[in-house]
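One rule links them: number in my numbering = place in the sequence shown (from 1) + 133.
Just so you know, even glycine gets a beta-carbon here, dropped at the ideal spot from N, CA and C.
Fair warning: this is a prediction, and the values are worked out from it, not measured in the lab.
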Amino acid sequence: MLIENRKAKFNYEFLEKLDAGIELLGSEVKSLRAKLGSLEGAYVIVRGNEAFMVGAYIPAYQPKNTPKGYDERRNRKLLLTKKEIASLMGAEAKKGLTIVPISVYNRGHKLKVTLAIARGKKKFDKRETIKLRDTERDIRREMHG
134 MLIENRKAKF NYEFLEKLDA GIELLGSEVK SLRAKLGSLE GAYVIVRGNE AFMVGAYIPA
194 YQPKNTPKGY DERRNRKLLL TKKEIASLMG AEAKKGLTIV PISVYNRGHK LKVTLAIARG
254 KKKFDKRETI KLRDTERDIR REMHG
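Here it is as C-alpha coordinates:
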(Lines of atoms letter the chains of each structure in order from A and count residues from 1; the text may use other names and numbers.)
(Lines give C-alpha, C1' and ligand atoms only; values in the text may rest on other atoms or scores of the structure.)
Protein backbone atom coordinates (compact mmCIF):
# COMPACT_ATOMS: atom_id res chain seq x y z
CA MET A 1 0.00 0.00 0.00
CA LEU A 2 1.47 3.33 -1.06
CA ILE A 3 -0.95 5.89 0.35
CA GLU A 4 -4.16 5.47 2.35
CA ASN A 5 -7.17 7.61 3.23
CA ARG A 6 -7.42 6.88 6.96
CA LYS A 7 -10.17 9.39 7.67
CA ALA A 8 -12.48 7.73 5.14
CA LYS A 9 -12.94 4.70 7.38
CA PHE A 10 -13.90 6.97 10.28
CA ASN A 11 -16.18 9.32 8.30
CA TYR A 12 -17.93 6.77 6.04
CA GLU A 13 -19.58 3.38 6.18
CA PHE A 14 -18.39 1.34 3.17
CA LEU A 15 -21.10 -0.47 1.23
CA GLU A 16 -19.12 -1.77 -1.76
CA LYS A 17 -15.46 -1.71 -2.82
CA LEU A 18 -13.85 -1.91 -6.25
CA ASP A 19 -10.43 -1.39 -7.83
CA ALA A 20 -9.61 0.99 -10.67
CA GLY A 21 -6.61 2.00 -12.70
CA ILE A 22 -5.55 5.63 -12.65
CA GLU A 23 -4.16 7.84 -15.40
CA LEU A 24 -1.01 9.58 -14.11
CA LEU A 25 2.03 11.48 -15.34
CA GLY A 26 5.46 9.91 -14.91
CA SER A 27 6.49 12.25 -12.11
CA GLU A 28 3.24 11.48 -10.26
CA VAL A 29 3.96 7.74 -10.45
CA LYS A 30 7.42 8.30 -8.96
CA SER A 31 5.94 10.51 -6.29
CA LEU A 32 3.35 7.90 -5.28
CA ARG A 33 5.97 5.14 -5.22
CA ALA A 34 7.93 7.34 -2.80
CA LYS A 35 4.73 7.39 -0.67
CA LEU A 36 4.15 11.11 -1.16
CA GLY A 37 0.62 12.43 -1.53
CA SER A 38 -2.72 12.34 0.22
CA LEU A 39 -6.26 11.14 -0.51
CA GLU A 40 -7.80 13.17 2.30
CA GLY A 41 -10.81 15.09 1.02
CA ALA A 42 -10.75 13.30 -2.34
CA TYR A 43 -13.86 11.89 -4.00
CA VAL A 44 -14.95 10.45 -7.35
CA ILE A 45 -17.36 11.97 -9.87
CA VAL A 46 -18.80 10.36 -13.01
CA ARG A 47 -19.29 12.64 -16.03
CA GLY A 48 -20.12 11.49 -19.53
CA ASN A 49 -19.29 7.79 -19.11
CA GLU A 50 -15.93 8.64 -17.51
CA ALA A 51 -14.92 8.64 -13.85
CA PHE A 52 -12.57 11.22 -12.34
CA MET A 53 -10.86 11.43 -8.96
CA VAL A 54 -11.16 14.97 -7.64
CA GLY A 55 -9.17 16.58 -4.84
CA ALA A 56 -6.35 14.05 -4.44
CA TYR A 57 -3.02 15.69 -3.61
CA ILE A 58 -0.08 14.19 -5.54
CA PRO A 59 2.99 16.45 -5.50
CA ALA A 60 5.66 16.50 -8.17
CA TYR A 61 8.53 14.06 -7.60
CA GLN A 62 11.17 16.71 -8.34
CA PRO A 63 9.53 20.14 -8.00
CA LYS A 64 12.26 21.93 -9.98
CA ASN A 65 11.84 19.64 -13.00
CA THR A 66 8.05 19.82 -13.29
CA PRO A 67 6.22 21.72 -16.03
CA LYS A 68 5.20 25.28 -15.12
CA GLY A 69 1.43 24.68 -15.14
CA TYR A 70 1.51 21.53 -13.00
CA ASP A 71 -1.45 21.28 -10.61
CA GLU A 72 -1.05 18.89 -7.65
CA ARG A 73 -4.82 18.64 -7.15
CA ARG A 74 -5.89 18.21 -10.78
CA ASN A 75 -8.70 15.82 -11.71
CA ARG A 76 -7.32 12.39 -12.61
CA LYS A 77 -9.15 9.98 -14.90
CA LEU A 78 -9.96 6.53 -13.53
CA LEU A 79 -9.75 3.49 -15.77
CA LEU A 80 -12.87 1.36 -15.32
CA THR A 81 -15.07 -0.93 -17.41
CA LYS A 82 -18.43 0.28 -18.71
CA LYS A 83 -20.26 -1.92 -16.18
CA GLU A 84 -18.28 -0.47 -13.27
CA ILE A 85 -18.89 3.09 -14.48
CA ALA A 86 -22.63 2.34 -14.77
CA SER A 87 -22.73 1.02 -11.20
CA LEU A 88 -20.85 4.12 -9.98
CA MET A 89 -23.33 6.35 -11.85
CA GLY A 90 -26.20 4.59 -10.10
CA ALA A 91 -24.55 4.98 -6.71
CA GLU A 92 -23.80 8.65 -7.34
CA ALA A 93 -27.43 9.29 -8.29
CA LYS A 94 -28.73 7.84 -5.00
CA LYS A 95 -29.12 10.37 -2.24
CA GLY A 96 -26.66 10.08 0.64
CA LEU A 97 -24.08 7.95 -1.19
CA THR A 98 -20.63 9.08 -2.28
CA ILE A 99 -17.65 7.43 -3.94
CA VAL A 100 -14.42 7.72 -1.95
CA PRO A 101 -10.87 6.61 -2.82
CA ILE A 102 -9.50 4.52 0.05
CA SER A 103 -5.96 3.66 -1.02
CA VAL A 104 -3.40 3.61 -3.82
CA TYR A 105 -1.30 0.47 -4.22
CA ASN A 106 1.01 -1.39 -6.63
CA ARG A 107 -0.15 -4.35 -8.67
CA GLY A 108 2.87 -5.42 -10.67
CA HIS A 109 4.13 -2.33 -12.46
CA LYS A 110 0.75 -0.61 -12.40
CA LEU A 111 -0.77 1.67 -9.78
CA LYS A 112 -4.34 0.98 -8.72
CA VAL A 113 -6.87 2.84 -6.58
CA THR A 114 -9.34 1.15 -4.24
CA LEU A 115 -12.70 2.94 -4.37
CA ALA A 116 -15.63 2.54 -2.01
CA ILE A 117 -19.27 3.41 -2.45
CA ALA A 118 -19.96 4.85 0.97
CA ARG A 119 -22.59 6.46 3.16
CA GLY A 120 -21.57 9.23 5.54
CA LYS A 121 -21.67 8.41 9.24
CA LYS A 122 -23.67 10.50 11.67
CA LYS A 123 -22.12 11.97 14.80
CA PHE A 124 -23.42 9.19 17.08
CA ASP A 125 -21.98 6.54 14.72
CA LYS A 126 -18.56 8.21 14.98
CA ARG A 127 -18.80 8.25 18.78
CA GLU A 128 -19.65 4.55 18.72
CA THR A 129 -16.60 3.87 16.52
CA ILE A 130 -14.35 5.72 18.96
CA LYS A 131 -15.82 3.80 21.90
CA LEU A 132 -15.27 0.44 20.17
CA ARG A 133 -11.69 1.35 19.27
CA ASP A 134 -10.93 2.36 22.87
CA THR A 135 -12.37 -0.82 24.38
CA GLU A 136 -10.47 -3.00 21.89
CA ARG A 137 -7.25 -1.15 22.76
CA ASP A 138 -7.87 -1.69 26.50
CA ILE A 139 -8.55 -5.40 25.95
CA ARG A 140 -5.32 -5.78 23.95
CA ARG A 141 -3.38 -3.99 26.72
CA GLU A 142 -4.79 -6.29 29.38
CA MET A 143 -4.06 -9.42 27.32
CA HIS A 144 -0.53 -8.30 26.50
CA GLY A 145 0.39 -7.01 29.98
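Paired residues, beta bridge with residue i - DSSP
{"i": "glutamate 149", "result": "Ile250"}
{"i": "arginine 180", "result": "Glu183"}
{"i": "serine 220", "result": "None; serine 220 has no bridge partner."}
Nearest-angstrom Cβ-Cβ length linking residue i and residue j, presumed shorter than 8 Å
{"i": "methionine 186", "j": "valine 177", "result": "6 Å"}
{"i": "glycine 154", "j": "leucine 211", "result": "7 Å"}
{"i": "isoleucine 218", "j": "asparagine 182", "result": "6 Å"}
Closest residue to residue i among the options (Cα-Cα distance)
{"i": "isoleucine 232", "options": "Lys245, Ala249 and Ala184", "result": "Ala249"}
{"i": "lysine 245", "options": "Lys142, Asp152 and Ser220", "result": "Asp152"}
{"i": "lysine 168", "options": "Arg270, Val237 and Arg266", "result": "Val237"}
{"i": "glycine 253", "options": "Met222, Gly229 and Ala175", "result": "Gly229"}
{"i": "glutamate 161", "options": "Tyr203, Asn138, Gly278 and Arg260", "result": "Tyr203"}
{"i": "leucine 172", "options": "Lys142, Glu183 and Lys197", "result": "Lys142"}
{"i": "serine 164", "options": "Ala184, Gly174, Ala193 and Thr247", "result": "Ala193"}
{"i": "alanine 189", "options": "Lys140, Gln195, Pro200 and Glu205", "result": "Glu205"}
{"i": "lysine 140", "options": "Leu265, Lys259 and Glu217", "result": "Lys259"}
Cβ-heavy atom distance, residue i to the ligand MG, below 6 Å
{"i": "glycine 159", "result": "This structure does not include the ligand MG; it has no bound ligands of any sort."}
Backbone CA spacing between residue i and residue j [nearest angstrom]
{"i": "arginine 207", "j": "leucine 157", "result": "10 Å"}
{"i": "isoleucine 272", "j": "asparagine 198", "result": "51 Å"}
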